[in-house]
Amino acid sequence: MIELQLPWPPSDLSPNKRLHWARLAKVKKLYRKECMFSVLAQNIDRVPDGSLTLDLTFVPPTRRSYDRDNLVARMKSGLDGLADALKIDDKRFTTLAARVSTDTIGGFVRVRIFQEQKE
Numbered sequence: 072m073i074e075l076q077l078p079w080p081p082s083d084l085s086p087n088k089r090l091h092w093a094r095l096a097k098v099k100k101l102y103r104k105e106c107m108f109s110v111l112a113q114n115i116d117r118v119p120d121g122s123l124t125l126d127l128t129f130v131p132p133t134r135r136s137y138d139r140d141n142l143v144a145r146m147k148s149g150l151d152g153l154a155d156a157l158k159i160d161d162k163r164f165t166t167l168a169a170r171v172s173t174d175t176i177g178g179f180v181r182v183r184i185f186q187e188q189k190e
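Residues 72 to 190 (my numbering) make up the sequence shown, in order.
Laid out in structure tokens, this is it:
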């Protein structure tokens, strides 16, 4: 298992936000790079082979209520940055589990990566 932390996804990446495509592209590119550099700074040694399961825990910056599906959609660029940093194809992420932490605030996403068990 690999455990790491990614920055909180910007609200501009929400599917409910209506941004001009050029501005949205800049926000996506910036968040992808932020996540890539964040993963690289955490010195991940080795990625398991085969299919991977991602377990995302969103630790919001405030006690405000967040829609889990919206948060997952906001993470698309961040997960691309994660795959870039790990030098893997993101199609290896076959299962995604997501939850929003209501216990703490912090403004980050905790990511746990597991190798899928073969049956």
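Each residue gets a CB set at the ideal place from its N, CA and C atoms; glycine is no exception.
Asked, Found
"From the DSSP output, read off the bridge partner residues of I115.", "Answer by DSSP bridge pairing: none, since I115 is not bridged."
"Is S85 closer than 7 Å to T128 when the C-beta atoms are compared?", "no"
"Between Q76, N141 and L167, which has its C-alpha nearest L111's C-alpha?", "Q76"
"Hey, out of V180, R163, T175 and K158, whose CA is closest to E116's CA?", "First, the residue type needs correcting, since residue 116 is Asp and not Glu in the sequence shown. The shortest Cα separation from D116 among V180, R163, T175 and K158 belongs to K158."
"Where do the N-terminal and C-terminal ends of the alpha helix (DSSP H) with R145 fall, by residue?", "R139 to R145"
"On the DSSP letters alone, give me the boundaries of the beta strand (DSSP E) that L75 sits inside.", "I73 to P78"
"Could you spell out where the beta strand (DSSP E) holding D126 opens and where it closes?", "L123 to V130"
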